[in-house]
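Counting in UniProt numbering, the sequence shown runs from 1 upward without gaps. Just below is one structure, and these are the notes that go with it.
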Amino acid sequence: MYKYIETYLEQNNFMPIGYSYKEIKKMVGGFKDKLREGGYYSEFKGNLHNGPCVAIKMLSKSKGNGHDFGSEVATIGRIHHENVVQLIGFCAEDSKRALFYEFMPNGSLDKFIFSKDGSIHLSYEQIYDISIGVARGIACLYHGCELWILHFDIKPHNMLLDEKFTPKASDFGLAKLYPIDNSIVTMTLAIGTIGYIALEFYKNSGGISHKADVYSLGMLLMEMASKRKNLDPHAEHSSQLYFPF
Numbered sequence: 001m002y003k004y005i006e007t008y009l010e011q012n013n014f015m016p017i018g019y020s021y022k023e024i025k026k027m028v029g030g031f032k033d034k035l036r037e038g039g040y041y042s043e044f045k046g047n048l049h050n051g052p053c054v055a056i057k058m059l060s061k062s063k064g065n066g067h068d069f070g071s072e073v074a075t076i077g078r079i080h081h082e083n084v085v086q087l088i089g090f091c092a093e094d095s096k097r098a099l100f101y102e103f104m105p106n107g108s109l110d111k112f113i114f115s116k117d118g119s120i121h122l123s124y125e126q127i128y129d130i131s132i133g134v135a136r137g138i139a140c141l142y143h144g145c146e147l148w149i150l151h152f153d154i155k156p157h158n159m160l161l162d163e164k165f166t167p168k169a170s171d172f173g174l175a176k177l178y179p180i181d182n183s184i185v186t187m188t189l190a191i192g193t194i195g196y197i198a199l200e201f202y203k204n205s206g207g208i209s210h211k212a213d214v215y216s217l218g219m220l221l222m223e224m225a226s227k228r229k230n231l232d233p234h235a236e237h238s239s240q241l242y243f244p245f
């Protein structure tokens with residue numbers, strides 16, 4: 001796997017560097033500084049040998065050995081855009097799988113728009129600027145390279161903010177690559193996060209396109225504008241499930 005990934009990156013003129021698991025343990029200092037976690041990974045803050053901070057995503061064994069690791073390297077490795085998080089390196093040693101990304105000091109967007117106590121505040125001007133950046137990042141997945149990249153998990157948790165609050169799309173573990181002239185995906189199961197999944201996933205029709213990402217983006221933008229979740233899974237009545245007020 002390590003050699004395959006390395007060869008892939010070299011052939012496509014990408015620059016991410018391969019690291020050993022021993023090097024990772026030194027960088028993260030005992031895996032104490034956890035940044036965030038998702039359904040198939042835990043992400044930690046680390047320092048490269050030459051100083052810069054990085055975010056190191058450790059994939060679970062069930063995901064790291066299969067589609068998710070290869071998908072994330074294959075998709076994110078080919079994108080260079082200010083609104084997409086930059087892949088710096090990777091580890092594929094025995095059963096250990098990790099991805100190294102640029103460190104985003106302000107974390108994920110969700111903690112700003114869903115702040116419960118109001119202590120974390122974004123002005124509407126900032127929300128507007130972030131919205132434009134998010135849209136540009138998603139747009140580049142379809143216009144920034146020779147293949148279309150269907151993300152399939154667009155949500156606030158997967159939009160990261162740098163020190164200037166510039167948003168960057170992240171988490172491409174569910175992403176799929178498709179030729180521009182054949183961008184309809186055949187799928188039998190819905191993937192993504194409830195509340196952001198496009199309705200066509202539930203029709204079992206099998207024909208899914210980039211429009212599913214556009215739907216998810218729209219749901220995200222609605223949450224940014226209202227500063228509340230579109231979905232309340234604990235609602236007492238079904239009419240309150242979506243767009244709770």
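The C-beta atom is built at its ideal place from N, Cα and C for all residues, glycine as well. All values reported here derive from a predicted model rather than from experimental measurement.
Alpha-carbon to alpha-carbon, residue j and residue i
i	j	result
Ser95	Tyr128	42 Å
Arg228	Leu217	15 Å
Leu231	Ile24	37 Å
His121	Tyr41	28 Å
Gly64	Phe112	With a pLDDT of 46 at Gly64, under the threshold of 50, the modelled position of this residue cannot be trusted, and the question is left open.
His81	Gly30	32 Å
Phe100	Asp171	12 Å
Ser108	Pro167	9 Å
DSSP three-state assignment for residue i, whether helix, strand or coil
i	result
Asn158	helix
Met58	strand
Gly64	Here the model assigns Gly64 a pLDDT of 46, short of 50, so the residue's position is not dependable and the matter cannot be decided.
Glu200	helix
Tyr19	coil
Ile88	strand
Glu82	coil
Neighbour-count burial assignment, residue i, 16 or more Cβ in a 10 Å radius
i	result
Tyr19	buried
Ile154	buried
Ala92	buried
Asp33	exposed
Ile176	According to the sequence as given, residue 176 is Lys; it is not Ile. Buried: at least 16 other Cβ atoms inside 10 Å.
Lys116	exposed
Ile208	buried
Of the residues the options, the one placed nearest residue i, counting alpha carbons only
i	options	result
Glu174	Ile149, Glu102, Ile120, Gly51	According to the sequence shown, residue 174 is Leu rather than Glu. Selected option, being the one with the closest Cα: Ile149.
Cys53	Met27, Arg136, Leu99	Met27
Lys57	Glu37, Gly218, Thr193	Glu37
His157	Gly29, Phe201, Glu43	Glu43
Ile138	Gln126, Tyr124, Leu160, Glu125	Leu160
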